[in-house]
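Participant: Structure provided below as C-alpha cells; questions to follow.
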Amino acid sequence: MTSPPDSAPPIRVVSPATGELLAEVPDEGAAGVVRAFAAARVAAPLWEAAGLGRRAEALRRWRDAVLDDPEVVRTLVAESGKPRQEAEGVELLYFCEVIRFSVRAARVALREETRSSLLFLVKKTRLVRRPLGVVGVIGPWNFPILNNAADAVAPLLSGNAVVLKPSEVTPLTSLRLAELWRKVGNPADVFQVVTGRGEAGAALVERVDGVMFTGSVATGRNVAARAAARLVPCVTELGGKSPFIVLASADLDRAAEAAAWSSFVHSGQACIRTERIYVEEPVAGRFEELLAGRVRALRQAPPETPPPGGHDLGAVTFPRQIEVVERHLADAVGKGARLACGGKRRADLAGLFFEPTLLLGATQEMAAMREETFGPLVAVMRVADAEEAVRLANESHLGLNATVFGAPDEAMAVARRLESGQVIVNDVLVNYMVVEAPLGGWKESGLGVRHGVEGIRQWTRTQAITVRRPLLAPVERLFAKLLAFPYDPRVLAALRRSTRLLYRRGLRAKLGSPPGERGP
Ligand code: NDP
Numbered sequence: 140m141t142s143p144p145d146s147a148p149p150i151r152v153v154s155p156a157t158g159e160l161l162a163e164v165p166d167e168g169a170a171g172v173v174r175a176f177a178a179a180r181v182a183a184p185l186w187e188a189a190g191l192g193r194r195a196e197a198l199r200r201w202r203d204a205v206l207d208d209p210e211v212v213r214t215l216v217a218e219s220g221k222p223r224q225e226a227e228g229v230e231l232l233y234f235c236e237v238i239r240f241s242v243r244a245a246r247v248a249l250r251e252e253t254r255s256s257l258l259f260l261v262k263k264t265r266l267v268r269r270p271l272g273v274v275g276v277i278g279p280w281n282f283p284i285l286n287n288a289a290d291a292v293a294p295l296l297s298g299n300a301v302v303l304k305p306s307e308v309t310p311l312t313s314l315r316l317a318e319l320w321r322k323v324g325n326p327a328d329v330f331q332v333v334t335g336r337g338e339a340g341a342a343l344v345e346r347v348d349g350v351m352f353t354g355s356v357a358t359g360r361n362v363a364a365r366a367a368a369r370l371v372p373c374v375t376e377l378g379g380k381s382p383f384i385v386l387a388s389a390d391l392d393r394a395a396e397a398a399a400w401s402s403f404v405h406s407g408q409a410c411i412r413t414e415r416i417y418v419e420e421p422v423a424g425r426f427e428e429l430l431a432g433r434v435r436a437l438r439q440a441p442p443e444t445p446p447p448g449g450h451d452l453g454a455v456t457f458p459r460q461i462e463v464v465e466r467h468l469a470d471a472v473g474k475g476a477r478l479a480c481g482g483k484r485r486a487d488l489a490g491l492f493f494e495p496t497l498l499l500g501a502t503q504e505m506a507a508m509r510e511e512t513f514g515p516l517v518a519v520m521r522v523a524d525a526e527e528a529v530r531l532a533n534e535s536h537l538g539l540n541a542t543v544f545g546a547p548d549e550a551m552a553v554a555r556r557l558e559s560g561q562v563i564v565n566d567v568l569v570n571y572m573v574v575e576a577p578l579g580g581w582k583e584s585g586l587g588v589r590h591g592v593e594g595i596r597q598w599t600r601t602q603a604i605t606v607r608r609p610l611l612a613p614v615e616r617l618f619a620k621l622l623a624f625p626y627d628p629r630v631l632a633a634l635r636r637s638t639r640l641l642y643r644r645g646l647r648a649k650l651g652s653p654p655g656e657r658g659p
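Read left to right, the sequence shown gives residues 140 to 659 (the numbering used here).
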C-alpha cells in the first residue's frame, strides 16, 4: 500500500453493527491512482500476451484462495454489517459463479472469427478481440465483493489490467482480495486496489480505457459524462425502484415470503431489491396479512451474534440510508399510509439498526413509491387490476428490476409490458445470479450490461485485419486494376456494367447475404 498524500486524512472504517473502529486506510487520492495506472500500463501487455488459458488459471487460483480464506467473509461481515448467510450465500457464491461462467464464456467472447467478402472475394478479414488496456472498476459499499472485485473478473479475463476503487465505507474486503491475488502468485500490477474518497474515483475516470461503475444515479451520470468526453466505454449500474406485482392468481404464501426477503435482504440496501409492492384488490387483504406476519417474524441482530446464521437482518451499512427511510416513512404516514410493523431505530443496539418497516395503504404520490429508499422499508399499494399495476410500475425514472407473481401465462404477459431491464416471474432477485444472461438497467438505472458473453466482450475492442486469400492471388490482380492508378476508360466501362449487373438486377442479393440476414 502507498503512503497517503499529506493533505488527506486517513479513511476510518467503522463497523456499522458496533460502531467500533475496524481499521484506518490511506486516502491515496489522485496520486495513488496515477501510481497504480503507471504500474498497470506496464503490466497490461504482458497479461494480454499470457493468453486466455493462463489468465483463466490465475482467476481460478484466486477463487480458491478466496474460498479458503476465513478472513474474507469475516471482513465483509464486519465492514458491511450484513448477516453471514448473505456474505456467503450471495457475495461469495456469486464470485465463484462469475469466475466459473466467465472462464467458459470468455472462450466464445474472445474467439477470433473470419469474415469473407462477397464483393472482394479475394480477401478475408480476421476479427481479433484485443483488450482495452487498463479498466477502472468503481465499487459501492453495499456489496464489497459482488459489485467490486467480482466486476473485475470479465475485464481481467479479456486481457485488461484492472484498478479497483472501492467505496471508502467498505474498502477492507477489496484490500483482502487484492492481497490474496498477489499471495497466489498472480501479477501484482494486473489487479490493484486504490483506497480513497470520491476524488480518487474521479481521477480514475480521467485515466481509464474503460470503466465499470456501480452506485448512485448522480455520480453515475458524472462518470458517464467524463467517459463520454474522453471517448472511453462506460458501463454504469445505478439505482432501482423495483416494483413487485401480485396478481390475484398468485400463490400468495410464496409471494409474501418472496416479498419479505427481497425487500429486506441486506436491510434493503441492494439495487435490485423490492422497493414497492402493487397487489390486486381482491387478494390484497390476505397478501398483506401474510406479508406482515413474515416481516414481524424477522430476527435482527449484530451479524456475529451466535448462533452463526441464526438471524435475518443485520445493520444498515450507510448512515444516510436511515435518514432516507425516516423521511419516506414520515412522508407516507403524513399522506395516510398505515404502519404495519417496524418504524424506528433500534435504541437497544449500539450500531446502525432500523426495524424492518412495512407500510400498507400506500399511494403513488408518496416518496416511498417514487424515490429510491435503499433501506429497510417497503410500502404496499392496492391496485384495481393488472392494467393499473403495469401503469404505476412503469411510472418511474428507473428501470432496473421487477417481479411479477401470478399464473405463469398471465404473469409473463405482464412482465413483457414492464419497462425494466430485468423481470423475474414467480421468484425474486435470483435473476442476478443467472450470469449467463446480460443484466442492465433501462432509463436512469444505467448504461450497458454485466454478465453474459456480452458482458465480457465489451472489455475488448475489435480489430479487423484484412488479408488476401493466397489461392486467389492471381484473381487479385484483376481487382487491383479497379482501384488503382492509372485509371482506364475500359476498366470504368466494365465497372459500370458489372455494378449494374450485380445490384440492379438483384443478382448480388441472390448470391448471398451477410450471416444472420438471410430472408425467406
Ligand atoms: P456514490 O455513487 O457516490 O458512490 C459509489 C462509488 O463511487 C463509491 O466508490 C464512491 O466513492 C465513488 N465516487 C464518489 N464520487 C465519485 C466521483 N466524482 N467520481 C467517481 N467515483 C466517485 O454513492 P453513495 O455511496 O454516496 O450512495 C448514495 C446513494 O446511491 C445511496 O443512498 C443509494 O441510493 C445509491 N446506491 C446505489 C447502489 C447500487 O447498487 N446501484 C450502490 C450504492 C449506493 P466513495 O464511497 O469513497 O465516496
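For each residue, glycine too, the CB sits at the ideal point set by N, CA and C.
C480: which of L191, L488, E494, V472 sits nearest, CA to CA?
Facilitator: Walking along the sequence shown from the start, residue 480 turns up at place 341. Taking only the C-alpha atoms, the option nearest C480 is E494.
Participant: Here's the rule I'm using: 16 or more other beta-carbon atoms within 10 Å means buried, otherwise exposed. How should K322 be labelled?
Facilitator: On the sequence shown, residue 322 is found 183 positions in, with the first residue counted as 1. K322 should be labelled exposed.
Participant: Strictly by DSSP, which residues pair up with C480?
Facilitator: As a position in the sequence shown, residue 480 is number 341, starting the count at 1. Partner(s): L497.
Participant: Could you tell me whether any non-hydrogen atom of the ligand NDP is closer than 6 Å to the CB of R415?
Facilitator: For the purposes of this step, residue 415 is identified with residue 276 of the sequence shown, where counting begins at 1. R415 Cβ: outside cutoff for every heavy atom of the ligand NDP.
Participant: Helix, strand or coil, according to DSSP, for E656 in the structure here?
Facilitator: The residue given as residue 656 occupies position 517 in the sequence shown. Interpretation of E656 is limited by its pLDDT of 41, a score under 50 that renders its predicted location unreliable; the figure taken from the coordinates is listed afterwards. Three-state result, E656: coil.
Participant: In its own chain, which residues sit with a C-beta less than 6 Å from the C-beta of G340, not counting the 5 before and 5 after it?
Facilitator: Translated into positions along the sequence shown, residue 340 becomes position 201. So the qualifying residues of the chain are I277, K304.
Participant: Once DSSP output is grouped into helix, strand and coil, what is the label at E443?
Facilitator: Your numbering for residue 443 matches position 304 in the sequence shown. In this structure, E443 counts as coil in the three-state DSSP scheme.
Participant: Would you mind working out which of R556, R639, S306 sits nearest V332, comparing C-alpha positions?
Facilitator: Counted from its first residue, the sequence shown places residue 332 at position 193. Minimum Cα distance to V332 is reached at S306.
Participant: I'd like the span of the alpha helix (DSSP H) that includes A342, first residue to last.
Facilitator: On the sequence shown, position 203 is the one that residue 342 refers to. Run containing A342: 337-344, per the alpha helix (DSSP H) assignment.
Participant: Let me check understanding here. Comparing Cα to Cα, which of V242, L271, A368 lies closest to A197?
Facilitator: Numbered from 1 along the sequence shown, position 58 holds the residue referred to as residue 197. Out of V242, L271, A368, V242 has the C-alpha closest to the C-alpha of A197.
Participant: Between the alpha carbons of P143 and R315, how many angstroms are there, rounded?
Facilitator: The residue given as residue 143 occupies position 4 in the sequence shown. The residue given as residue 315 occupies position 176 in the sequence shown. In this predicted model, P143 has a pLDDT of only 47, less than 50, meaning its place in the structure is not dependable; the value taken from the coordinates is given anyway. Each residue's alpha carbon lies about 19 Å from the other.
Participant: Please state the DSSP three-state secondary structure of I284.
Facilitator: If you number the sequence shown from 1, residue 284 lands on position 145. Reduced to three states, the DSSP call for I284 is coil.
Participant: Please state if the CB of V356 and the CB of V350 are separated by a distance shorter than 7 Å.
Facilitator: Residue mapping note: residue 350 aligns to position 211 of the sequence shown, counting from 1. Residue mapping note: residue 356 aligns to position 217 of the sequence shown, counting from 1. Not closer than 7 Å, so no.
Participant: Within the present structure, is the beta-carbon of G538 separated from the nearest heavy atom of the ligand NDP by less than 6 Å?
Facilitator: Numbered from 1 along the sequence shown, position 399 holds the residue referred to as residue 538. Not so, every heavy atom of the ligand NDP lies at least 6 Å from the Cβ.
Participant: Can you find the residues in the same chain that come closer than 8 Å, C-beta to C-beta, to A523, ignoring five residues on each side of it along the sequence?
Facilitator: For the purposes of this step, residue 523 is taken as residue 384 along the sequence shown, with counting starting at 1. So the qualifying residues of the chain are E419, E420.
Participant: Please state whether DSSP places K620 in a helix, a strand or coil.
Facilitator: Counting from one through the sequence shown, the residue named residue 620 turns up at place 481. Three-state result, K620: helix.
Participant: Within a Cβ cutoff of 6 Å, which residues of the same chain sit near V543, ignoring the five residues on either side of it in sequence?
Facilitator: Here residue 543 refers to the residue found at position 404 when the sequence shown is read from its first residue. Only I384, A550, V553, A554, V564 meet the Cβ criterion.
Participant: Can C410 be considered in contact with the ligand NDP, in the sense that its beta carbon sits closer than 6 Å to one or more heavy atoms?
Facilitator: In the sequence shown, residue 410 corresponds to position 271, counting from 1. True, at least one ligand heavy atom lies under 6 Å from that Cβ.
Participant: Per DSSP, G349 is paired with what?
Facilitator: Your numbering for residue 349 matches position 210 in the sequence shown. Beta-bridge pairing links G349 to V274.
Participant: Measure the alpha-carbon distance for A409 versus I604 and round it to whole angstroms.
Facilitator: Sequence index remark: in the sequence shown, residue 409 carries index 270 (1-based). Sequence index remark: in the sequence shown, residue 604 carries index 465 (1-based). Spanning the two alpha carbons is a distance of roughly 44 Å.
Participant: Report all residues from its chain with a CB closer than 7 Å to the CB of P149; omit the five preceding and five following residues, and keep chain order.
Facilitator: As a working note, residue 149 is residue 10 in the sequence shown. If we look at P149 and ignore the five residues flanking it on each side, its Cβ neighbours are P143, E163, V164, P165, D166.
Participant: The ligand NDP and V301: does the residue's C-beta get closer than 6 Å to at least one heavy atom of that ligand?
Facilitator: By one-based count along the sequence shown, residue 301 stands at place 162. Not so, every heavy atom of the ligand NDP lies at least 6 Å from the Cβ.
Participant: Do A395 and R433 have their CB atoms nearer than 7 Å?
Facilitator: Locating residue 395 in the sequence shown gives position 256, where the first residue counts as 1. Locating residue 433 in the sequence shown gives position 294, where the first residue counts as 1. Against a cut-off of 7 Å, the Cβ pair of R433 and A395 comes out as a contact.
Participant: Could you check if G473 is buried or exposed, using at least 16 other CB atoms within 10 Å of its CB as the buried criterion?
Facilitator: Working through the sequence shown from its first residue, we reach residue 473 at position 334. Looking at its Cβ environment, which holds fewer than 16 other Cβ atoms inside 10 Å, G473 is exposed.
Participant: Kindly list the residues whose CB is nearer than 6 Å to the CB of S535, restricted to its own chain and excluding five residues on each side of it in sequence; keep chain order.
Facilitator: Along the sequence shown, read from residue 1 onward, the residue named residue 535 stands at position 396. Within the same chain, S535 has close Cβ partners K380.
Participant: Of the residues A612, V630, P613, L611, which one's Cα is nearest the Cα of K620?
Facilitator: Taking the sequence shown and counting its residues from 1, the one referred to as residue 620 is at position 481. Comparing Cα-Cα distances from K620 to each of A612, V630, P613, L611, the minimum goes to V630.
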